[in-house]
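Undergrad: Numbering (this note's numbering), first residue to last: 58 to 341.
Cβ atoms here follow ideal geometry from the backbone N, Cα and C, with glycine treated the same way.
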Amino acid sequence: MKTVCHTNFANNEVNTEDLLKTLTQSLKLVASVAVLSFAVTSCAPSAKQLKEAVEKDPTIVFTAIEKHPDKFIEVVMKAQQEAQKVSAEKAQEEEKKQKDEEFANPLKPEISETRVVFGNKSAPITIVEFSDFQCPYCSRGYQTIQQVRKEYGDKVRIVFKHLPLDFHPLAMPAAKYFEALALQGHDKAEKFHDMVFENQNMLKDKGEKYFSEIAKKLGADMKKLDVALKDEKIQKQIEADMEEAKKFNMSGTPGFIINGVSLRGAYPFPAFKEIIDRHLASTK
58 MKTVCHTNFA NNEVNTEDLL KTLTQSLKLV ASVAVLSFAV TSCAPSAKQL KEAVEKDPTI
118 VFTAIEKHPD KFIEVVMKAQ QEAQKVSAEK AQEEEKKQKD EEFANPLKPE ISETRVVFGN
178 KSAPITIVEF SDFQCPYCSR GYQTIQQVRK EYGDKVRIVF KHLPLDFHPL AMPAAKYFEA
238 LALQGHDKAE KFHDMVFENQ NMLKDKGEKY FSEIAKKLGA DMKKLDVALK DEKIQKQIEA
298 DMEEAKKFNM SGTPGFIING VSLRGAYPFP AFKEIIDRHL ASTK
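1. Could you compute how far the alpha carbon of N69 sits from the alpha carbon of K233?
2. Hey, out of V111, P327 and L238, whose CA is closest to V48's CA?
3. Using 10 angstroms around the beta-carbon of T98, count the other beta-carbons present and answer buried if the total reaches 16, otherwise exposed.
4. Once DSSP output is grouped into helix, strand and coil, what is the label at G198?
5. Going by CA-CA distance only, name the one from N177, C192, D288 and P126 that's closest to R206.
6. By the DSSP assignment, the alpha helix (DSSP H) with V118 in it spans what residues?
7. Could you tell me if A96 is buried or exposed, where buried requires 16 or more neighbouring beta carbons within 10 angstroms of its beta carbon?
8. DSSP three-state label for H225, please.
9. CA-CA distance, K281 and E146?
10. Measuring alpha carbon to alpha carbon, tell me which of Q137, L337, V213 and T60 ends up nearest S1.
11. Of the choices K248, L220 and G264, whose alpha-carbon is the least far from that of L227?
12. Using 8 angstroms as the cut-off, can you tell me whether the region 326-333 makes contact with the region 205-222, which would need three or more C-beta pairs spanning the two stretches below that distance?
13. Could you tell me how far apart the beta carbons of A285 and K245 are, in whole angstroms, since I believe they sit closer than 8 angstroms?
14. L220 and F249 look like a contact to me (Cβ under 8 angstroms); what is the Cβ gap, rounded to whole Å?
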């Protein structure tokens with residue numbers, strides 16, 4: 058199962074759509090209960106007769122539910138389970154199709170020489186990550202990436218990019234601190250990245266002040282850091298990351314592109330392993 062932060066606008070669209078589907082499904086379920094009621098009390102009517110009867114007197118349906126609540130619950134539960142099963146199978150099929158397409162025609166995120174890279178710079182597997190320092194699901198993604206690095210060692214490298222969501226007010230400042238610290242050493246940026254995700258709860262207590270505290274602990278030149286934080290180049294780089302994420306249809310965080318194959322959401326380790334192993338097997 059994947060988990061992902063989305064924009065509020067996107068969620069509103071999905072909720073409205075889901076509500077309409079739920080209402081439609083409920084009407085179908087209610088009709089099913091009515092059929093059950095007629096079957097229990099008399100010879101079952103034809104579909105046409107039932108439709109006409111319910112349209113003429115909708116209270117028939119509610120009476121059926123009152124007389125046979127256990128049947129109603131049974132029908133609802135069964136329909137819900139079946140709908141979830143069908144939805145999951147469809148999602149898996151679509152995901153597999155997308156993966157196969159991307160293995161054949163890999164996505165190509167831009168990777169400049171100046172970007173911060175975690176791990177072996179010449180590794181055969183490159184994971185480009187689009188992340189938000191304040192997103193709880195990105196914190197999960199961080200833990201999974203740590204597991205990936207432990208499992209694959211020098212075979213993987215991580216290129217960290219930014220997708221600060223507008224409802225996370227500390228995400229953009231954190232992204233700026235990361236890039237500003239990178240100007241004083243990529244190791245400082247990586248340590249900042251680790252400390253924020255390992256202590257994400259500190260953002261609630263200290264806010265942006267926590268970023269400054271980390272920078273001091275890392276021995277950063279605070280005067281140079283203050284100047285860099287206001288540099289338009291850093292702002293433009295973060296905005297370029299956001300535009301690139303949009304190009305790859307990543308509206309939520311975290312998002313990953315593994316040698317051109319995407320994962321949208323905080324997928325568990327096996328999802329990464331499947332893609333990485335397939336890439337490594339193809340190079341042998």
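TA: Let me lay it out:
1. Legend: pLDDT at N69 = 41, less than 50; position of this residue unreliable, no value from coordinates given.
2. The question about residue 48 has no answer, for the chain in this structure spans 58 to 341.
3. With a pLDDT of 47 at T98, under the threshold of 50, the predicted position of this residue should be treated as unreliable, though the coordinate-derived value follows. Answer is exposed; the Cβ neighbour count stays below 16.
4. helix
5. N177
6. T116 to K124
7. The predicted position of A96 is uncertain, since its pLDDT is 46 and thus under 50; no value can be drawn from it.
8. coil
9. 53 angstroms
10. Limits of the chain in this structure are 58 at one end and 341 at the other, which puts residue 1 out of reach.
11. G264
12. yes
13. Wrong, their Cβ atoms sit about 12 angstroms apart, outside the cutoff.
14. That belief does not hold up - the Cβ atoms of L220 and F249 are roughly 17 angstroms apart, past 8 angstroms.
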